[in-house]
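> Protein chains in written order, with this note's numbering: chain A, 130 to 329; chain B, -11 to 191. Ideal Cβ positions, reconstructed from N, Cα and C, are used throughout, including at glycine. Take a look at this one; I'll ask things after.
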Amino acid sequence: MSYDKDYDIIHEGLSQHVQLETSGDQEALRSLAKRFSVRTFKEGDSLWDLSTNSGQLHFILSGAFAEYLMDGRVSHLLRFYSKNGFAYSEDLILYSARPASYATCLVEARVASIPAGALAEYLMNEELGGKLLTSLIELSMTEYRNTTYEMLQTNGINRIHAAIQQFPDVLDLIPRKELADYLGISRASLFRSLKQIANG
Amino acid sequence: MAKSLEQLVYDFFRGLPAYTTDMEDAVKAIIENFDQPLIKKKGAILTELAPPNKDFWFLCDGFLKEIYKNPFMNEDALFNFIPPASIFVNEDSLFYNKRPQHYYKAYTDVTIASLSNEKFQELKNKYPAIIKLYLSGTAEIQKNRRSRLLMLRMSNTQDKIDWVRDQRGDLYKIMDRVTLAQYIGVSRASLYRAFDKKGKSQF
């Protein structure tokens, strides 16, 4: 895929979250899209980890990642990131704190990223920056809300249906072990539920 | 004596991590622009938040249930339980200009007050600090959601109950068992079994 096409996709992704009012806004967003750099991640590679001290805003062009949140010494699968979605450590980008979570590649991925410094410069100096920051927080709140719907379902089948509603390709992208952890059910229960769904 | 709306809103903003003393004028302006509080009886649905309301609401007193239509259960279900001194909004309307999927119901008698979106926009232009307060308030809600999500992912019902008791004692003390079961995402039967197993009551 050409880089120009990547930047178009990043620009489109950004424009879905920022209200553009003038052609100047369009141009400002396009120049931001061009400041992202693209790299490839293999399964198991880290998008960020607990010792990362400089955050980045990532846009997933392909593949999938899982974010794990540390609770004491135990890590819990918090959420997934897949194609055409943004991913970032809230602690690093929003709170200037050490990351309490880490994100790992589950399926080989191509990711466009912009360093927090370049992003901060944009957020502070460009008129659209404030809107983008607000949008990123609201986007994250909405993701948590959607994920909470899944976990409020009291049985495995409904949790799987709710997860599919949020991520239509979740069953193709996410290994079963991670999916069971994510849904808070045992692997046996996941397989039973998937079988029941397959049998209608 | 119960605190006034002014004092409650002031305490709320002063409690935000982003608050600094130079924001005091902005906070005073917000307080002055709140409408008069309304009282709603236990069980009432807050029709004031019907679409397309995009105002910012402050729960001065009492507890609210935030309810959504669960498409997998064909019934309305609890999404969140809101304690006093909280801000609540129609997220779908405010963020995405969509018809809200949630509504609010008074769990106890409640007192609520609103700051209209129009006034918020005016104040935001006049006091740039308001955007920092908005982001800080939103970030706090986000942190609470992240924290609750960890509890919801716990596979053991007793661990979930313990989490609510330890982390959200303010809610645990007031929720009935049906509400508690919905809040932690388990069936009523599972919740009752967990209490029976420990031989303990909720309160």
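CA-CA distance, M(-11) of chain B and Q282 of chain A?
Annotation note: pLDDT 47 at M(-11) of chain B (below 50); position unreliable, no value reported.
> Contact criterion: CB-CB distance below 9 Å. Does D200 of chain A meet it with respect to chain E?
Among the protein chains in the structure shown, which are A and B, there is no chain E.
> DSSP three-state label for S175 of chain A, please.
strand
> Could you tell me the alpha carbon to alpha carbon distance between R288 of chain A and K212 of chain A, rounded to whole angstroms?
21 Å
> Can you pull out the residues from the stretch 250 to 279 of chain A whose beta carbon lies closer than 8 Å to at least one beta carbon of chain B?
G259, L262, T263, I266, E267, S269, M270, T271, Y273, R274, T276, T277, Y278
> Whose C-beta lies closer than 6 Å to the C-beta of L186 of chain A among residues of the same chain, with five residues either side of it excluded?
Y217, I243, L248
> Compute the Euclidean distance between the alpha carbons of R137 of chain A and A162 of chain A, then round it to the nearest angstrom.
Note on residue identity: the sequence assigns Asp, not Arg, to residue 137 of chain A. Spanning the two alpha carbons is a distance of roughly 8 Å.
> Excluding five sequence neighbours on each side, which residues of the same chain lie with their C-beta closer than 6 Å to the C-beta of N58 of chain B?
A65
> Pull up the distance between the alpha-carbon of E63 of chain B and that of P88 of chain B, whole angstroms please.
16 Å
> Enumerate in chain order the residues of its own chain whose CB-to-CB distance from L149 of chain A is below 7 Å, with the five nearest sequence positions on each side excluded.
Q155, L158
> Could you check how far apart the C-beta atoms of G313 of chain A and L140 of chain B are, in whole angstroms? I think they sit under 8 Å.
About 7 Å separates the Cβ atoms of G313 of chain A and L140 of chain B, confirming a contact at the 8 Å cut-off.
> Roughly how many angstroms separate the alpha carbons of F83 of chain B and D49 of chain B, rounded to a whole number?
26 Å
> With a threshold of 7 Å on Cβ separation, who are the neighbours of K86 of chain B within its own chain once the five nearest residues in sequence on each side are excluded?
D80
> Grab the span of the alpha helix (DSSP H) containing K28 of chain B for me, first residue to last.
Note, K28 of chain B: premise wrong, no alpha helix (DSSP H); beta strand (DSSP E) at 26 to 28.
> Let me know if E272 of chain A comes out buried or exposed under the rule of 16 or more other beta-carbons within 10 Å of its beta-carbon.
So E272 of chain A counts as buried.
> Rank B:T96, B:S102, B:K114, B:P5 by C-alpha distance to the C-alpha of D13 of chain B and give the top, closest one.
B:K114
> Does Q170 of chain B get closer than 9 Å to chain A when you measure Cβ to Cβ?
Q170 of chain B counts as touching chain A.
> Go ahead and pull the three-state DSSP assignment for E141 of chain A.
Looking at E141 of chain A - three-state DSSP - the assignment turns out to be helix.
> With a CB to CB cut of under 6 Å and the five nearest residues on each side skipped, what residues in its chain are close to V236 of chain A?
G192, A193, L302
> Does DSSP classify M(-11) of chain B as helix, strand or coil?
At M(-11) of chain B, the pLDDT of 47 sits below 50, so the modelled position is not reliable; the number obtained from the coordinates is stated separately. Here M(-11) of chain B sits in coil by DSSP.
> Any C-beta of chain B sitting closer than 9 Å to the C-beta of Y136 of chain A?
no
> Express the C-alpha separation of V147 of chain A and S264 of chain A in angstroms, rounding to a whole number.
7 Å
> Does L221 of chain A pass the burial test, meaning 16 or more other C-beta atoms within 10 Å, or should it be called exposed?
buried
> Taking Cβ positions, are F44 of chain B and V77 of chain B nearer each other than 9 Å?
yes
> Less than 9 Å between the C-beta atoms of E54 of chain B and N41 of chain B, yes or no?
no
> Look at the alpha carbon of V167 of chain A and the alpha carbon of F188 of chain A, and state the distance between them as a whole number of angstroms.
If you draw a straight line from the Cα of V167 of chain A to the Cα of F188 of chain A, it comes to about 9 Å.
> For R321 of chain A and S135 of chain B, what's the separation of their Cα atoms in angstroms?
29 Å
> Considering K120 of chain B, what are the terminal residues of the alpha helix (DSSP H) in which it resides?
117 to 140
> Is the stretch -5 to 4 of chain B close to the stretch 14 to 23 of chain B, with three or more CB pairs under 8 Å?
With three or more CB-CB distances shorter than 8 Å, the stretch -5 to 4 of chain B counts as touching the stretch 14 to 23 of chain B.
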